[in-house]
Amino acid sequence: MSASTRATPPITLSRRIAETWRYALCRLRGQNYLRYQQQRYDRLWRDDPHHFSYSSRQFQLDYCLGHGLRRGMRLLDFGCGPVAAGLAMIRYLDPGGYVGADISRTALNLGTDRIAAAELAARRPDLVLLPATEWLAPLARRSFDMIWAQSVLTHMAPKDTETLISAVPHMLTPTGCLLATFYLHDTPGPRRADIKDWSYDLATLAHYAEAAGLQASLLDDFRHPRPYVRHGHHMAMLHLSTGRSHCVTKARPASGPTDTAPKGA
Ligand SMILES: C[S@@+](CC[C@H](N)C(=O)[O-])C[C@H]1O[C@@H](n2cnc3c(N)ncnc32)[C@H](O)[C@@H]1O
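Numbering-wise, this note's numbering puts 126 at position 121 of the sequence shown, and it's gapless, one number per residue.
Following this line, the structure appears as structure tokens:
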């Protein structure tokens, strides 16, 4: 592991037991994985409204700008949370250009308060609550130049990731693209860790993309300001496009090697 790479502490045994128990309860009630994550994030932000806001999220806007985001575009901040990064995006984009979507009502309520406190309501940001069933329905018939998803696939089960990717062509303009971070591993197939976290190999994501008529690639230039490793996997950047994307300056084809991890990881 490089000196600048920090491993996130493993989840404690007591937290693991608590998460396993909560997930088991969801299953007993017939609730799906999305509902489990919805309850988890609602709880997380009720307990700590500033979670994810202690460090600057400006890097997310900067990365989007480096990959073609422009003022007049429409951006979907998928899994926006309480708009910790969204505030800078709303400030940058033309009025009506920002749409944030999330499964957590608590996060969106906090986001609405933050937008008001930052006096950004006049820029007409739209915060969309995604339900646990027919989850992407509120985004149907909407079209975006860029879809941004920071630290969301990392909490999405393969079935949901596949559903999202299959919906992407309907949510993008012909020249649009999706940029999404995920935890990358090299062995075949998705992998689950600690109930709440998932990692993917590029081939699986490329397979979902191909089925949706999209092209998948890894972008080498993404560095999270807190470069961390979770469950031994590094955060990587997935780029999906219809092949006519205006978004990207540098992309590595999905058939290429998958080791974006820093040397020694
Ligand atoms: C780790 S937080 C990241 C929040 C924000 N993107 C940021 O970087 O500050 C993950 C967010 O994704 C949301 N989320 C998790 N699974 C989701 C899903 N399947 N669809 C939409 N949002 C989801 C959570 O509610 C949470 O707000």
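Where a beta carbon is used, it is the ideal one built from N, C-alpha and C, also for glycine.
Residue j beta carbon less than 8 Å from that of residue i
| i | j | result |
| --- | --- | --- |
| A106 | L70 | no |
| T111 | D47 | yes |
| L135 | I108 | yes |
| T192 | D206 | yes |
| M78 | M151 | yes |
| R129 | P100 | yes |
| A217 | P174 | yes |
| R147 | M176 | yes |
| L39 | D165 | yes |
| Y68 | F227 | yes |
| L49 | H55 | no |
| P168 | S250 | Reading the sequence as shown, one finds Thr at residue 168 and not Pro. It is not a contact, given that the beta carbons lie outside the stated cut-off. |
Reduced DSSP category for residue i - H, G, I as helix; E, B as strand; rest coil
| i | result |
| --- | --- |
| C31 | helix |
| G181 | strand |
| L223 | strand |
| H238 | strand |
| R79 | coil |
| R96 | helix |
| S260 | Per-residue confidence for S260 stands at a pLDDT of 48, beneath the threshold of 50, marking its modelled position as unreliable; the derived number appears in the next sentence. Three-state DSSP puts S260 in coil, outside helix and strand. |
| D202 | strand |
| L74 | coil |
| H244 | strand |
| R249 | coil |
| R231 | coil |
| R196 | strand |
| D191 | coil |
| S7 | Confidence is the limiting factor: at S7 the pLDDT is only 44, short of 50, which leaves the residue's position unreliable, though a coordinate-based value still follows. Of the three classes helix, strand and coil, the one that applies to S7 here is coil, per DSSP. |
| R62 | coil |
| A211 | helix |
| A216 | helix |
| Q43 | helix |
| G91 | helix |
| I16 | coil |
| C85 | coil |
| D53 | coil |
CB-CB length for residue i against residue j, believed under 8 Å
| i | j | result |
| --- | --- | --- |
| L80 | G102 | 6 Å |
| I120 | V88 | 6 Å |
| A214 | I170 | 6 Å |
| G73 | D82 | Actually they do not touch by this definition, with Cβ atoms about 16 Å apart. |
| S204 | L189 | 7 Å |
| L224 | M240 | Between M240 and L224 the Cβ distance is about 12 Å, and since that is not below 8 Å, they are no contact. |
| A93 | L66 | 4 Å |
| A211 | A185 | Not quite, the Cβ-Cβ distance comes to about 13 Å (not below 8 Å), so this is no contact. |
Test: residue i CB closer than 8 Å to a CB of chain B
| i | result |
| --- | --- |
| H160 | Considering every chain present, this structure includes no chain B. It has just one protein chain. |
### Task
Jot down the residue ranges of each uninterrupted alpha helix (DSSP H) in the region 102 to 189, minimum 4 residues, whole runs only, in chain order.
110 to 122, 163 to 176
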